[in-house]
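Visitor: One structure is given below, represented as C-alpha coordinates, and several questions about it will come after.
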Amino acid sequence: MTGSWKDTIVPASGNYLMPPSDLVARAHAHNLQVHPYTYRNENQFLHFNFFQDPYNEYDFWINTVGVDGLFTDFTGTLHRYQELTSPHRKDETANSLLVKISQMISAYEGL
1 MTGSWKDTIV
11 PASGNYLMPP
21 SDLVARAHAH
31 NLQVHPYTYR
41 NENQFLHFNF
51 FQDPYNEYDF
61 WINTVGVDGL
71 FTDFTGTLHR
81 YQELTSPHRK
91 DETANSLLVK
101 ISQMISAYEG
111 L
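Structural data, given as C-alpha coordinates:
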(Lines of atoms letter the chains of each structure in order from A; the text may use other names.)
(Lines give C-alpha, C1' and ligand atoms only; values in the text may rest on other atoms or scores of the structure.)
Protein backbone atom coordinates (compact mmCIF):
# COMPACT_ATOMS: atom_id res chain seq x y z
CA MET A 1 0.00 0.00 0.00
CA THR A 2 1.13 3.52 -0.67
CA GLY A 3 -0.04 6.46 1.41
CA SER A 4 0.74 9.54 -0.65
CA TRP A 5 -0.28 13.13 -0.17
CA LYS A 6 -3.16 13.68 -2.58
CA ASP A 7 -1.52 16.68 -4.27
CA THR A 8 1.42 14.51 -5.33
CA ILE A 9 -1.00 12.25 -7.21
CA VAL A 10 -3.09 15.04 -8.72
CA PRO A 11 -1.16 18.33 -8.50
CA ALA A 12 -2.96 21.61 -7.92
CA SER A 13 -2.31 25.09 -9.27
CA GLY A 14 -4.20 28.13 -8.02
CA ASN A 15 -6.39 25.76 -5.97
CA TYR A 16 -7.54 23.98 -9.16
CA LEU A 17 -6.53 20.40 -9.90
CA MET A 18 -4.22 19.65 -12.79
CA PRO A 19 -4.20 16.35 -14.75
CA PRO A 20 -3.48 13.29 -12.57
CA SER A 21 -0.04 11.71 -12.50
CA ASP A 22 0.39 8.04 -13.36
CA LEU A 23 1.16 7.06 -9.74
CA VAL A 24 -2.08 5.11 -9.25
CA ALA A 25 -1.62 3.13 -12.48
CA ARG A 26 2.02 2.37 -11.62
CA ALA A 27 1.12 1.27 -8.08
CA HIS A 28 -1.71 -0.94 -9.35
CA ALA A 29 0.68 -2.49 -11.91
CA HIS A 30 2.73 -3.68 -8.92
CA ASN A 31 -0.37 -4.90 -7.03
CA LEU A 32 -0.16 -2.01 -4.56
CA GLN A 33 -3.15 -0.14 -3.22
CA VAL A 34 -3.19 3.66 -3.12
CA HIS A 35 -4.68 5.48 -0.13
CA PRO A 36 -4.00 9.24 -0.38
CA TYR A 37 -4.25 11.68 2.51
CA THR A 38 -5.70 13.89 3.99
CA TYR A 39 -9.29 14.61 3.03
CA ARG A 40 -10.98 17.38 4.98
CA ASN A 41 -14.39 19.06 4.89
CA GLU A 42 -13.31 22.66 5.42
CA ASN A 43 -13.60 24.89 2.35
CA GLN A 44 -9.95 25.98 2.51
CA PHE A 45 -8.90 22.33 1.98
CA LEU A 46 -11.30 21.58 -0.91
CA HIS A 47 -10.03 22.45 -4.38
CA PHE A 48 -12.28 24.76 -6.40
CA ASN A 49 -13.08 21.88 -8.78
CA PHE A 50 -15.32 20.37 -6.10
CA PHE A 51 -17.46 23.46 -5.33
CA GLN A 52 -16.87 23.09 -1.56
CA ASP A 53 -18.49 19.63 -1.58
CA PRO A 54 -16.43 16.81 -0.03
CA TYR A 55 -18.70 14.21 -1.68
CA ASN A 56 -17.61 15.55 -5.09
CA GLU A 57 -14.00 15.19 -3.99
CA TYR A 58 -14.48 11.61 -2.78
CA ASP A 59 -16.25 10.72 -6.02
CA PHE A 60 -13.43 12.17 -8.13
CA TRP A 61 -10.71 10.33 -6.28
CA ILE A 62 -12.48 6.98 -6.11
CA ASN A 63 -14.18 6.87 -9.52
CA THR A 64 -11.96 9.06 -11.72
CA VAL A 65 -8.47 8.70 -10.27
CA GLY A 66 -9.10 5.11 -9.11
CA VAL A 67 -7.62 5.15 -5.61
CA ASP A 68 -8.39 2.24 -3.32
CA GLY A 69 -9.06 4.14 -0.12
CA LEU A 70 -8.83 7.56 1.51
CA PHE A 71 -7.36 8.92 4.74
CA THR A 72 -9.65 11.56 6.20
CA ASP A 73 -10.05 13.63 9.34
CA PHE A 74 -13.83 13.47 8.80
CA THR A 75 -14.72 9.79 8.91
CA GLY A 76 -18.43 10.51 9.33
CA THR A 77 -18.56 12.33 6.00
CA LEU A 78 -16.72 9.55 4.17
CA HIS A 79 -18.91 6.91 5.81
CA ARG A 80 -22.05 8.80 4.73
CA TYR A 81 -20.67 9.03 1.17
CA GLN A 82 -20.16 5.26 1.21
CA GLU A 83 -23.71 4.71 2.45
CA LEU A 84 -25.10 6.93 -0.31
CA THR A 85 -23.07 5.41 -3.14
CA SER A 86 -22.68 1.73 -2.24
CA PRO A 87 -25.23 -0.61 -3.78
CA HIS A 88 -27.30 -2.43 -1.19
CA ARG A 89 -29.39 -5.48 -1.88
CA LYS A 90 -32.96 -4.99 -0.76
CA ASP A 91 -32.80 -7.95 1.62
CA GLU A 92 -29.79 -6.49 3.41
CA THR A 93 -31.58 -3.52 4.92
CA ALA A 94 -31.41 -3.10 8.68
CA ASN A 95 -35.05 -4.09 9.10
CA SER A 96 -34.74 -7.32 7.13
CA LEU A 97 -31.58 -8.16 9.04
CA LEU A 98 -33.50 -7.83 12.30
CA VAL A 99 -36.24 -10.07 10.90
CA LYS A 100 -33.65 -12.72 9.98
CA ILE A 101 -32.10 -12.54 13.44
CA SER A 102 -35.54 -12.91 15.01
CA GLN A 103 -36.27 -15.94 12.83
CA MET A 104 -32.95 -17.54 13.81
CA ILE A 105 -33.68 -16.99 17.50
CA SER A 106 -37.19 -18.41 17.13
CA ALA A 107 -35.84 -21.48 15.33
CA TYR A 108 -33.22 -21.98 18.05
CA GLU A 109 -35.80 -21.63 20.83
CA GLY A 110 -37.95 -24.26 19.14
CA LEU A 111 -35.23 -26.92 19.36
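Anchor point for the sequence shown: position 8 equals 8 in the UniProt record's numbering, and the numbering is continuous, going up by one each time. Just so you know, even glycine gets a beta-carbon here, dropped at the ideal spot from N, CA and C.
Taking the C-alpha atoms as reference points, what is the distance between residue 23 and residue 31?
Guide: Within the sequence shown, numbered from 1, the residue matching residue 23 stands at position 23. Within the sequence shown, numbered from 1, the residue matching residue 31 stands at position 31. Taking the straight line joining both Cα atoms gives about 12 angstroms.
Visitor: Short of 8 angstroms in beta carbon distance, which residues of its chain neighbour residue 18, apart from the five on each side in sequence? Order them along the chain.
Guide: Position 18 of the sequence shown, counting from 1, holds the residue named residue 18. Contacts found: 10, 11, 12.
Visitor: Give me the Cβ distance between residue 37 and residue 6, rounded to the nearest whole Å; I'm assuming they're in contact under 8 angstroms.
Guide: Position 37 of the sequence shown, counted from the first residue, corresponds to residue 37. Position 6 of the sequence shown, counted from the first residue, corresponds to residue 6. Indeed, because the Cβ distance is near 7 angstroms, the residues count as touching under 8 angstroms.
Visitor: Kindly give me the distance between the Cβ atoms of residue 68 and residue 47, rounded to whole angstroms, as I take these residues to be in contact under 8 angstroms.
Guide: On the sequence shown, position 68 is the one that residue 68 refers to. On the sequence shown, position 47 is the one that residue 47 refers to. About 21 angstroms; that fails the 8 angstroms criterion.
Visitor: Among 49, 59, 43, which has the Cα closest to the Cα of residue 86?
Guide: Counting from 1 along the sequence shown, the entry for residue 86 is found at position 86. Checked all of 49, 59, 43; the closest Cα to residue 86 is 59.
Visitor: Round the Cβ separation of residue 8 and residue 39 to the nearest angstrom and send it over; I've been treating them as touching at under 8 angstroms.
Guide: One-based indexing of the sequence shown puts residue 8 at position 8. One-based indexing of the sequence shown puts residue 39 at position 39. Going by Cβ atoms, the distance from residue 8 to residue 39 rounds to 14 angstroms, so no, they are not a contact pair.
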